[in-house]
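Q: Protein chains in written order, with full-length UniProt numbering: chain A, 1 to 340; chain B, 1 to 340.
Here it is, the structure in full.
Protein chains: 2
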Amino acid sequence: MAGPPAAVRLSEVAAAAGVSIATASRSLRGLGGVSDTVAEKVRGIAEDLGYVTNSYARTLAGGSTTIVGLILNQIDDPYFTEIAAGVVRAAEDADLTVQIGHSTRDPHRELKQIRSLVAQRARAIIIAGSGYTDPQRELQAKELLARYEAGGGRAAVIGRHFLGVDAVQPDNRGAAGQVARHLVELGHRDVVVISGLPSLTTVEDRQGEAVKVLAAAGARVTVVETDFTGHDAGRAALGALDGEPRATAVMALSDAMAISVLTGLRRAGVDVPGTISVTGVDDVPVAELISPSLTTAAFPLSELGREALLLTTRPQATRPRRKMIPAQLVVRESTAPPRS
Amino acid sequence: MAGPPAAVRLSEVAAAAGVSIATASRSLRGLGGVSDTVAEKVRGIAEDLGYVTNSYARTLAGGSTTIVGLILNQIDDPYFTEIAAGVVRAAEDADLTVQIGHSTRDPHRELKQIRSLVAQRARAIIIAGSGYTDPQRELQAKELLARYEAGGGRAAVIGRHFLGVDAVQPDNRGAAGQVARHLVELGHRDVVVISGLPSLTTVEDRQGEAVKVLAAAGARVTVVETDFTGHDAGRAALGALDGEPRATAVMALSDAMAISVLTGLRRAGVDVPGTISVTGVDDVPVAELISPSLTTAAFPLSELGREALLLTTRPQATRPRRKMIPAQLVVRESTAPPRS
DNA sequence: ACTGAGAACGCAAACGCTTACGTTAACCGT
DNA sequence: ACGGTTAACGTAAGCGTTTGCGTTCTCAGT
Chain A
1 MAGPPAAVRL SEVAAAAGVS IATASRSLRG LGGVSDTVAE KVRGIAEDLG YVTNSYARTL
61 AGGSTTIVGL ILNQIDDPYF TEIAAGVVRA AEDADLTVQI GHSTRDPHRE LKQIRSLVAQ
121 RARAIIIAGS GYTDPQRELQ AKELLARYEA GGGRAAVIGR HFLGVDAVQP DNRGAAGQVA
181 RHLVELGHRD VVVISGLPSL TTVEDRQGEA VKVLAAAGAR VTVVETDFTG HDAGRAALGA
241 LDGEPRATAV MALSDAMAIS VLTGLRRAGV DVPGTISVTG VDDVPVAELI SPSLTTAAFP
301 LSELGREALL LTTRPQATRP RRKMIPAQLV VRESTAPPRS
Chain B
1 MAGPPAAVRL SEVAAAAGVS IATASRSLRG LGGVSDTVAE KVRGIAEDLG YVTNSYARTL
61 AGGSTTIVGL ILNQIDDPYF TEIAAGVVRA AEDADLTVQI GHSTRDPHRE LKQIRSLVAQ
121 RARAIIIAGS GYTDPQRELQ AKELLARYEA GGGRAAVIGR HFLGVDAVQP DNRGAAGQVA
181 RHLVELGHRD VVVISGLPSL TTVEDRQGEA VKVLAAAGAR VTVVETDFTG HDAGRAALGA
241 LDGEPRATAV MALSDAMAIS VLTGLRRAGV DVPGTISVTG VDDVPVAELI SPSLTTAAFP
301 LSELGREALL LTTRPQATRP RRKMIPAQLV VRESTAPPRS
């Protein structure tokens, strides 16, 4: 650190206003014990001088942090960036700053991120992404978060079940059910379900409901598991279609996979929805831009993020809150009745 | 803060090891002036006690942060999220954490973000997004950054000119030139250029080169300005096409706008590329997913982010570095020779 | 045995802010 | 007009580290 103390300090603001730093502090934090006149004046001067509280000093002195940690499964997936956008915007409204990390769906990495956030005394931690069907696998994370909350921190998850903290839950079963029902109503009775890693709760929920609804309607269902990122969903779908030549629809359990399927089918010269109908789940922004535009179940993604952030600003409840967010079926161009 | 296990402090570690906190600090930080025996012992005890440095105290006392601030023009634009992904990944490799903010292209907001980051003693600040053609408009930011770097911070920008710090520059002129040349080679001689706010340098660069290349080829050029976010580029394009019925191509200066144009044309029942060819610039992920897939000039977006982060990890050079990143023309389905 | 140079370590002053307490002054009722 | 409140401020004690110096100790050199 060569040089000039770049930042304006509270003491300078106080001096300029002709008051003590105590009064200046109180004025800025809006606490009582200061006349409105003085408080107003201090705030004005602070503004003019471009004063920004040194969060390190503030925190050290007993104030709390303004950092909110956000851990994403994957950073370049539109599903998550939409959620992140919601969190960031809500955070800025609440004068908080967001620190982003990503876990690549690796529990170990995720643990490391949480620990780092705890050490940073983050005011809140938000984890977005699917959990694991094996509770054992997130036991450590759960303990860590419990200790963190006991210590005054706030945590919330988006789309998880077992972490013991407040949760915003996209209604995955409902979403899958709606899409499946749509397919059934169109008349499809032989559908390929492109699924993801069965160890993810999101996958389990969506797949379970999809298969249930489809089977209840007497449809033949073929489930194909891929890696849920959509990287080879297209290839997987083509393979399955080869094995199931009578299939009339491909139901992908996420938009990412559905888009991959669409691309694969287009390359293979298969007409959608003429020959095969395709559906997704999530309604990422791209869904309506691609062609044919995608029939899917929409979640208000950025609102999921906003809701999670808001949960963390409220005091901890005695029992973890659970806010279920319903999905809404969006019928677009990628689905049609099966060719008779 | 109902105070559970107050964190272990350095003083406790020091006491347990029978040394002063000064020695303890030096031992842990691996500085000289401590015998290996003692240093080793202190480290062992710290480990046993589960000591974690209080980053606030450390920073306040003059230590440095591991925070990298990233300011985005817009948080939910794929162009920026791709860049952000590159930054985040590179940062994690370097054991840094990223704090994200967004400015909505508002200089005032941007200033506030920078100040906040400076106050947070961020180790580095990265600003992504177009600058303003009016240098006056970013004078304050420039000063702020200069002071920040003088104080030991590191800053880098992506896609800006005037900020006086290291820069990663997508070759906007080159990109626009390549696309324009492609159009010319296809035979287009009457094209509508969908441009953005002229106050943005990115717009100025792209538009300047596009118009230059087009005009040099003897083409009629109609420039339409929109807001560069793509919100009404579609409508704008339709309007321009009404006024220029002989136009055979629409060259949008960003993919976001191109996609909007594509949507607009599709709704209006115009055949692309049969009747009108459409091009973009950037090559966001969606570009190849939409239909018709978009002819555009590709920038390796996440690499832009990675490069910027890497620049900030190197010591400051005597003169700001400037890394120009070339674009590469990607011809897809949205362009074809004009209908004769 | 004495001096001087280092090595090894301790002291204490910041860092910029929050906040418990103490002080001052204006104002109340009687 | 006087004790007693109370609002409005100022004082100063931390918060947990880092670090510039000062101090002590060791040991080689003479």
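The C-beta atom is built at its ideal place from N, Cα and C for all residues, glycine as well.
Could you list which residues in chain A have their beta carbon closer than 8 Å to that of residue 137 of chain B, in chain order?
A: Correct list: empty, because the minimum Cβ distance to chain A is about 17 Å.
Q: Give the range of the beta strand (DSSP E) segment to which residue 75 of chain A is assigned.
A: Residue 75 of chain A -> no beta strand (DSSP E), and no H or E assigned at all.
Q: Buried or exposed: which applies to residue 324 of chain B, given that a residue is buried once 16 or more other Cβ atoms fall within 10 Å of its Cβ?
A: Result: exposed.
Q: Find the residues of chain A that neighbour residue 116 of chain B, judging by a C-beta separation of less than 8 Å, and give them in chain order.
A: Near residue 116 of chain B (Cβ distances below 8 Å), the residues of chain A are 52, 97.
Q: Measure the C-alpha to C-alpha separation of residue 264 of chain B and residue 233 of chain B and round it to an integer number of angstroms.
A: Distance between the alpha carbons of residue 264 of chain B and residue 233 of chain B: 8 Å.
Q: Could you tell me the boundaries of the beta strand (DSSP E) in which residue 328 of chain B lies?
A: Element bounds for residue 328 of chain B: 328 to 330.
Q: Assuming contact is defined by CB atoms lying nearer than 8 Å, are residue 64 of chain A and residue 26 of chain A in contact in what I supplied?
A: Cβ distance not < 8 Å, so residue 64 of chain A and residue 26 of chain A don't count as in contact.
Q: So, is residue 116 of chain A buried or exposed, given that buried needs 16 or more other C-beta atoms within 10 angstroms?
A: Flag for residue 116 of chain A reads buried.
Q: Given a cut-off of 8 Å on the beta-carbon distance, is the pair residue 313 of chain A and residue 276 of chain A in contact?
A: Contact: no.
Q: Taking only beta-carbon positions, decide if residue 318 of chain A is within less than 8 Å of chain B.
A: Judged by the 8 Å Cβ criterion, residue 318 of chain A is not in contact with chain B.
Q: Roughly how many whole angstroms lie between the Cα atoms of residue 246 of chain B and residue 75 of chain B?
A: Distance between the alpha carbons of residue 246 of chain B and residue 75 of chain B is about 38 Å.
Q: May I ask which residues mark the beginning and end of the beta strand (DSSP E) holding residue 195 of chain B?
A: Looking at the DSSP string, the run of the beta strand (DSSP E) that includes residue 195 of chain B is 190 to 195.
Q: With a cut-off of 8 Å on the beta carbons, I'd call residue 221 of chain A and residue 193 of chain A a contact; round off their distance for me.
A: Residue 221 of chain A to residue 193 of chain A, Cβ: 6 Å. Contact.
Q: If you compare alpha carbons, which of B:332, B:79, B:320 is closest to residue 129 of chain B?
A: Minimum Cα distance to residue 129 of chain B is reached at B:79.
Q: Would you kindly work out how many angstroms separate the C-alpha atoms of residue 209 of chain B and residue 137 of chain A, rounded to a whole number?
A: Distance between the alpha carbons of residue 209 of chain B and residue 137 of chain A is about 55 Å.
Q: Determine the DSSP secondary structure at residue 244 of chain A, reduced to helix, strand or coil.
A: Note: residue 244 of chain A maps to coil in three-state DSSP.
Q: In the DSSP assignment, find the alpha helix (DSSP H) that holds residue 35 of chain B and state where it starts and stops.
A: Element bounds for residue 35 of chain B: n/a, residue is neither H nor E.
Q: Excluding the five sequence neighbours on either side, which residues of its own chain have a C-beta within less than 7 Å of the C-beta of residue 38 of chain B, listed in chain order?
A: Around residue 38 of chain B: 19, 23, 27.
Q: Excluding five sequence neighbours on each side, which residues of the same chain lie with their C-beta closer than 7 Å to the C-beta of residue 17 of chain A?
A: 24, 41, 42, 45.
Q: DSSP has residue 286 of chain A in a bridge; who is on the other side?
A: Partner(s): none; residue 286 of chain A has no beta bridge.
Q: I need the boundaries of the beta strand (DSSP E) containing residue 249 of chain A, first residue and last residue.
A: Unbroken beta strand (DSSP E) run through residue 249 of chain A: 249 to 252.
Q: Starting from residue 295 of chain A, follow its DSSP beta bridges and name the residues at the other end.
A: DSSP lists A:279 as partners of residue 295 of chain A.
Q: When the Cα of residue 271 of chain A is compared with those of A:335, A:289, A:316, which residue comes out closest?
A: Ranking the options by Cα distance to residue 271 of chain A, first place goes to A:335.
Q: Taking C-alpha atoms, which residue in A:185, A:292, A:110, A:215 lies nearest to residue 69 of chain A?
A: When each option's Cα is compared against that of residue 69 of chain A, the closest is A:110.
Q: Closer than 8 Å is the cut-off here; do at least three beta carbon pairs connect the region 85 to 103 of chain B with the region 82 to 100 of chain A?
A: Judged by Cβ distances under 8 Å, the region 85 to 103 of chain B makes contact with the region 82 to 100 of chain A, as three or more pairs qualify.
Q: Round the Cβ separation of residue 8 of chain B and residue 50 of chain B to the nearest angstrom and send it over; I've been treating them as touching at under 8 Å.
A: About 6 Å separates the two Cβ atoms, so the contact holds.
Q: Quick check on this structure: which residue in A:141, A:190, A:177 has the alpha carbon closest to the alpha carbon of residue 240 of chain A?
A: Closest by alpha carbon: A:190.
Q: Please list the terminal residues of the continuous beta strand (DSSP E) segment that includes residue 225 of chain A.
A: 220 to 225 is the extent of the beta strand (DSSP E) around residue 225 of chain A.
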